[in-house]
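Asks: Quick one: this structure, given as structure tokens, is what I'll be asking you about.
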Amino acid sequence: MSADKNPSSGRTPRGTAACAPWVRTRLRTAPGACAALAVLVLLTAFLAAAFPRSVDAYETKGLRHDVGSLSPQRSLLRVTTPPDGTSLDERADAARKEVLSGVHSGLLRTLPGPVRPDAPRSSYGVRTTNPLTASEPYLPRPNAMPPQFTYIAPSDLAGHSTLESGRWPAARGTVTAATREVEAVVPAETADALKLGIGSIVAVPTHDGKPLTVRVSGTVTPRHPADAYWAAEPLMRGPSLVADPGQPVPTFYWVAALLLSPDAGPALLSTTGEPELFWHIAPDTTHLTSTDAAPLTDVVASLESGPELLRLRDIAGPTVTVSTDLDEILVAHEAMRSAISPVVAVAAVGIGSVAGVVLLMTGGLTAARRHRELSLLRSRGASLAGIGARLFAETAVIVVPAAALGLLLAVLLVGEARLWPAVTGAGAVAGLVCVALPLRTTLQHRRPQLHGARDDMVNARPSRRRTVAELTVLVLAIGAVTALRRRGTGAEGGTDLLVSAAPVLVGLIAALVLVRLYPLPLRLAARPVARMRGAIGFLSLARAGRSSAGGTLPLLALLVALTTAAFGGSVLAGVADARDAAALAAVGADARISGQGDAKPLTDRFAKDVRAAGGVRDVAPVQIDYSVVLPPGEGGSEGNKGATLVGVEPGSYDRLARATGAGSLPPALLRATGPSAPLPEGAPYSADRVLPAIASPSVAARLGDRPQAIETLAGHFKVRVVAVRESTPAVSGSSFLIVNSASLTQRATTALLVTGDALDAKALKAAARDAGKDFVVRLRSEERASFVDTPVQSGAERIYGAGIVAGAGYALLAVLLSLLRTAPERTTLLARLRTMGLTTRQGRRLLALEAMPQALLAALGGLLVGWATIALLAPGVDLVSLALSGARGADVPHTASLRADLWSLALPAIGVVLLAAAVAGVQAWWASRRGSITELRAGDTR
Numbered sequence: 002m003s004a005d006k007n008p009s010s011g012r013t014p015r016g017t018a019a020c021a022p023w024v025r026t027r028l029r030t031a032p033g034a035c036a037a038l039a040v041l042v043l044l045t046a047f048l049a050a051a052f053p054r055s056v057d058a059y060e061t062k063g064l065r066h067d068v069g070s071l072s073p074q075r076s077l078l079r080v081t082t083p084p085d086g087t088s089l090d091e092r093a094d095a096a097r098k099e100v101l102s103g104v105h106s107g108l109l110r111t112l113p114g115p116v117r118p119d120a121p122r123s124s125y126g127v128r129t130t131n132p133l134t135a136s137e138p139y140l141p142r143p144n145a146m147p148p149q150f151t152y153i154a155p156s157d158l159a160g161h162s163t164l165e166s167g168r169w170p171a172a173r174g175t176v177t178a179a180t181r182e183v184e185a186v187v188p189a190e191t192a193d194a195l196k197l198g199i200g201s202i203v204a205v206p207t208h209d210g211k212p213l214t215v216r217v218s219g220t221v222t223p224r225h226p227a228d229a230y231w232a233a234e235p236l237m238r239g240p241s242l243v244a245d246p247g248q249p250v251p252t253f254y255w256v257a258a259l260l261l262s263p264d265a266g267p268a269l270l271s272t273t274g275e276p277e278l279f280w281h282i283a284p285d286t287t288h289l290t291s292t293d294a295a296p297l298t299d300v301v302a303s304l305e306s307g308p309e310l311l312r313l314r315d316i317a318g319p320t321v322t323v324s325t326d327l328d329e330i331l332v333a334h335e336a337m338r339s340a341i342s343p344v345v346a347v348a349a350v351g352i353g354s355v356a357g358v359v360l361l362m363t364g365g366l367t368a369a370r371r372h373r374e375l376s377l378l379r380s381r382g383a384s385l386a387g388i389g390a391r392l393f394a395e396t397a398v399i400v401v402p403a404a405a406l407g408l409l410l411a412v413l414l415v416g417e418a419r420l421w422p423a424v425t426g427a428g429a430v431a432g433l434v435c436v437a438l439p440l441r442t443t444l445q446h447r448r449p450q451l452h453g454a455r456d457d458m459v460n461a462r463p464s465r466r467r468t469v470a471e472l473t474v475l476v477l478a479i480g481a482v483t484a485l486r487r488r489g490t491g492a493e494g495g496t497d498l499l500v501s502a503a504p505v506l507v508g509l510i511a512a513l514v515l516v517r518l519y520p521l522p523l524r525l526a527a528r529p530v531a532r533m534r535g536a537i538g539f540l541s542l543a544r545a546g547r548s549s550a551g552g553t554l555p556l557l558a559l560l561v562a563l564t565t566a567a568f569g570g571s572v573l574a575g576v577a578d579a580r581d582a583a584a585l586a587a588v589g590a591d592a593r594i595s596g597q598g599d600a601k602p603l604t605d606r607f608a609k610d611v612r613a614a615g616g617v618r619d620v621a622p623v624q625i626d627y628s629v630v631l632p633p634g635e636g637g638s639e640g641n642k643g644a645t646l647v648g649v650e651p652g653s654y655d656r657l658a659r660a661t662g663a664g665s666l667p668p669a670l671l672r673a674t675g676p677s678a679p680l681p682e683g684a685p686y687s688a689d690r691v692l693p694a695i696a697s698p699s700v701a702a703r704l705g706d707r708p709q710a711i712e713t714l715a716g717h718f719k720v721r722v723v724a725v726r727e728s729t730p731a732v733s734g735s736s737f738l739i740v741n742s743a744s745l746t747q748r749a750t751t752a753l754l755v756t757g758d759a760l761d762a763k764a765l766k767a768a769a770r771d772a773g774k775d776f777v778v779r780l781r782s783e784e785r786a787s788f789v790d791t792p793v794q795s796g797a798e799r800i801y802g803a804g805i806v807a808g809a810g811y812a813l814l815a816v817l818l819s820l821l822r823t824a825p826e827r828t829t830l831l832a833r834l835r836t837m838g839l840t841t842r843q844g845r846r847l848l849a850l851e852a853m854p855q856a857l858l859a860a861l862g863g864l865l866v867g868w869a870t871i872a873l874l875a876p877g878v879d880l881v882s883l884a885l886s887g888a889r890g891a892d893v894p895h896t897a898s899l900r901a902d903l904w905s906l907a908l909p910a911i912g913v914v915l916l917a918a919a920v921a922g923v924q925a926w927w928a929s930r931r932g933s934i935t936e937l938r939a940g941d942t943r
């Protein structure tokens, strides 16, 4: 009862000590350090939680974008079957509206997830599969060909269209296969084109010879023409003029659709149009997530030819078939995601490694700050388990709420993603800090330690264990780099963590090598400095050499952070270069103005208007002919081969080629003299004229060294190859001939290639409109912007941009933590030196010079390692999917590789040096404000 209070006084007896809780006491003792740790954990947990959610979010948006951007005609699930039954009446019963509606409801319920039907946009009904020729004399007949009609009895026609005139089609009585007159409505466009009005009659041939009369009762217009209801059958919206493939000359005729009442479907079964029952099911993409991509692909394949198809046949009939183009876009999406994910994983591993190292450095700072306190507890009998438990408790009180807050911020800021990967990331950060900080601090007190032993980098001798560990890491790094260079990031089997860790392993090897080499320049520099007057230089080098032998961790953090930032910058630079190259190959200049197929001539006045537009620096007029047939090769064994003839003005085209990086095309190469010189307008010409030409390698190999005769739209002449170029701005193909347009007999400018800075696009397009409606202005900037058209691309780029910022930020934080760890020791040194006459200015110089060797080592090492990492890994990292995914054609480069970016290499490294100097200056200023008595105490062993 000695612990009870005295009821009369309310005081605790003198023999009992009131002990404050340990955790609360420690938090009050160092509130600044606790707050800094909480902020660091919050930011790191936020990044660890936001990364998987960001990947999930952009993959989800990418899947919805890819499926949603697919035309409804291709994304529909088309369930079709001939009417089931042994007799005509049974088949007619199967085509009734009530039966079709019941089957439709059953299909929607049976579809397996993640295929979710969009019921309002889905439809069902009866249609003829073969267009039937209409012989009515009032119908228009282009090229004397009668029109053909498709007859459709769709569901809910009134709910998806607007009645323009007349009335809705009605079914009189019960419609059967023997019914010989039904009503239909006509799309307004079809009515205008085919002269159909209310009361018009179309006779439909039947199997028994008695035609089915279809009477037009009204005209309709679609409420939402782009909706899946109408896109499933484009003829439901309007007619189409098509060519007869069986005619030797183009012969056109109309094809159109007549829309019957939903109850009139059975009447179509007697026609010769091979009627079928259909259910068009539109997929709902609003609920798709990134995890649905693979299951959706499997389900679509099963619906087309698998177990799910058998389930649908149990509902709709034994001959049901399912068709869709949805599987094609899903395969393309998965291919793009598989190509981009390994590249993103490289950034994730790099930032994660840097963050882990920085958190371990935080543990080292805590261990150094509380070393004497825990040594005193250990000397008074405290157990390692007890110390570890106390440290774990006070760390968890700070870390767990901070990690939870970081997770909450990530969830709030990044939506449409799974929760458990974010929880795992934030939990890993909290677990690492809660375990690593107490463990590292506690393990230093396993044995009693005596003060006085020097633990510096100059005198340290690596142990055998360390040597073995370093050799192991070296082997892993070599294996990772070799695998990445050989297999690339897009190897089959998913993301390879060893390959993704290649930049981190390269940075680790560089850090270990630099730590081993670091004492050598210090020893070499200390000798001449020792013989110089003044103690500042010698003291700074001596202090730099006495840095802790555990300096590998800060250097590792800096190198990995700088390497990660450099790698991220090289990815973005490579992506930008690939898009620039593709846009330039597609356009040929900053702007291109031409007609369709580069075939329509441009006037000289139009060229003058273009030159007068704002921002135009130069204009290169060219004449392009894509129909040139090359003569047979030597021996005549090769077949016909086409090439593109490009007639150019040598001076302006040479300037264009140099401006676009295509190399120089000296005008003298294309200058023709003598009989081949340019002729005046209207002068007679000879087909034996020989024009000098610049050719592509394939064309040059075909033509050889001798003059060869060619026939072009610009005239007939001979050409002799005088130079070979791999590419040319005017055309993107690999087979071309460039000649002087002045030497052509049929001269006509068909394209203008414009170069300039800040082109006035509105003025160029206005000039093109004034010249004619057939002329189009293609801008290089607009072409480049078109390559970024998927959320997956933009999301991956944002992650790499964030990786650059995070890498640079962690590099600066590593410098700060490294300097803070030794700050008390440096403050004491300045106090002692001030008692010997050291001035404040000399103190600042001393601390700055002391910090510079390691800062310069990290900065220069980061520059070299970042550049070397990019050079080593560039052959194995293909950025085409990230840069140009979705782009097609000959203009698209086949590969896109990394390129070292000066800013992402230099800026973080410069920031490291500047921060080290700034921290040293601030510390010297702060130490000068405090008296020596405050820092120097009797018995202090610092």
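Residue 2 is where the sequence shown starts when you use this note's numbering, and the numbers rise one by one after that.
Note that beta-carbon positions come from the ideal geometry of N, C-alpha and C, so glycine has one too.
Quick one: complete beta strand (DSSP E) runs, 3+ long, within the segment 165-231?
Replies: 182-188, 202-205, 213-223
Asks: In three-state terms, what does DSSP make of Ser-306?
Replies: Of the three classes helix, strand and coil, the one that applies to Ser-306 here is helix, per DSSP.
Asks: Confirm, please, whether the CB-CB distance from Ala-265 to Ala-154 is below 8 Å.
Replies: yes
Asks: To test your reading of the DSSP string, which unbroken beta strand (DSSP E) runs of 3 or more residues are found completely within the segment 122-161?
Replies: 124-129, 149-155
Asks: Rank Leu-375, Ala-411, Ser-306 by C-alpha distance to the C-alpha of Thr-45 and give the top, closest one.
Replies: Ala-411
Asks: Who are the Cβ neighbours of Ala-849 in its own chain at under 6 Å, not counting the five residues just before and after it?
Replies: Ala-918, Ala-921.
Asks: Looking only at its own chain, which residues have a Cβ that is under 7 Å from the Cβ of Leu-515, when we skip the five neighbours before and after it?
Replies: Leu-556, Leu-858, Gly-862
Asks: May I ask you to list the residues that DSSP assigns as paired with Pro-276?
Replies: Thr-129
Asks: What residues in its chain sit with their C-beta under 8 Å from that of Leu-839, if we drop five residues either side in the sequence?
Replies: Residues of the same chain with a CB within less than 8 Å of the CB of Leu-839, apart from the 5 flanking positions on each side, are Leu-831, Leu-847 in chain order.
Asks: Using DSSP with H/G/I as helix, E/B as strand and the rest coil, what is Pro-622?
Replies: strand
Asks: When you compare only the Cα positions, how much space is there between Ala-1 and Ala-356?
Replies: The question about residue 1 has no answer, for the chain in this structure spans 2 to 943.
Asks: So is Val-572 buried or exposed if we call it buried at 16+ other beta carbons inside 10 Å?
Replies: Buried, because 16 or more other Cβ atoms sit within 10 Å of the Cβ of Val-572.
Asks: Near Ser-585, which residues of its chain fall below 7 Å by C-beta distance, leaving aside the five closest residues on each side in sequence?
Replies: One detail in the question is off: residue 585 reads as Leu in this sequence, not Ser. So the qualifying residues of the chain are Thr-661, Arg-781.
Asks: When the Cα atoms are used, what is the spatial distance from Arg-721 to Ala-582?
Replies: 30 Å
Asks: Terminal residues of the continuous alpha helix (DSSP H) containing Ala-955?
Replies: Nothing in the structure corresponds to residue 955, since the chain is present only between 2 and 943.
Asks: Tell me the rounded alpha-carbon separation between Val-183 and Val-205.
Replies: 11 Å
Asks: Check whether the segment 108-121 touches the segment 167-179, counting contact only when three or more Cβ pairs, one atom from each stretch, lie closer than 8 Å.
Replies: With a cut-off of 8 Å, the segment 167-179 and the segment 108-121 do not count as touching, because too few Cβ pairs lie within range.
Asks: Can you name the residues that DSSP bridges to Ser-241?
Replies: Val-256
Asks: Let me check one thing: in DSSP terms, what residues is Ser-595 bridge-paired to?
Replies: Ala-752, Val-777
Asks: For His-446, count neighbouring Cβ atoms within 10 angstroms of its own Cβ and tell me buried if that reaches 16, exposed if not.
Replies: buried
Asks: Fully enclosed by the segment 850-880, which alpha helix (DSSP H) runs are 4 residues long or longer?
Replies: none
Asks: Assign Trp-904 to buried or exposed, taking buried as 16 or more other Cβ atoms, counted over all protein chains shown, within 10 Å of its Cβ.
Replies: exposed
Asks: Counting only the same chain and skipping the five closest in sequence on each side, list residues whose C-beta sits under 6 Å from that of Gly-570.
Replies: Excluding positions up to five away in sequence, the list reads Ile-805, Asp-902, Ser-905.
Asks: Ends of the beta strand (DSSP E) at Gly-716?
Replies: In the DSSP assignment, Gly-716 falls within the beta strand (DSSP E) that extends over 716-725.
Asks: Who pairs with Pro-284 in a beta bridge, going by DSSP?
Replies: Pro-118
Asks: For the segment 292-309 against the segment 127-135, do three or more pairs of beta-carbon atoms, one drawn from each stretch, fall closer than 8 Å, so that the two count as touching?
Replies: no
Asks: Between Val-42 and Ala-403, is the Cβ-Cβ spacing less than 8 Å?
Replies: Taking 8 Å as the Cβ cut-off, Val-42 and Ala-403 qualify as a contacting pair.
Asks: I'd like the span of the alpha helix (DSSP H) that includes Val-100, first residue to last.
Replies: Val-100 -> alpha helix (DSSP H) spans 98-111.
Asks: Taking buried to mean at least 16 other C-beta atoms within 10 Å of its own C-beta, is Met-837 buried or exposed?
Replies: exposed
Asks: Looking only at its own chain, which residues have a Cβ that is under 8 Å from the Cβ of Ser-653, when we skip the five neighbours before and after it?
Replies: Asp-619, Val-620, Ala-621, Pro-622
Asks: Taking Cβ positions, are Met-362 and Leu-554 nearer each other than 8 Å?
Replies: yes
Asks: Give me the residue from Gly-664, Thr-565, Asp-245, Leu-817 with the minimum Cα distance to Val-507.
Replies: Thr-565
Asks: When burial is assigned at 16 or more other CB atoms within 10 Å of the CB, is Thr-287 buried or exposed?
Replies: exposed
Asks: Check the C-beta distance from Gly-648 over to Ala-715 and give it rounded, since I have them as a contact under 8 Å.
Replies: About 6 Å separates the two Cβ atoms, so the contact holds.
Asks: Provide the residue span of the alpha helix (DSSP H) that contains Gly-407, from first to last.
Replies: 385-414
Asks: Classify Phe-607 as helix, strand or coil using the three-state DSSP reduction.
Replies: helix
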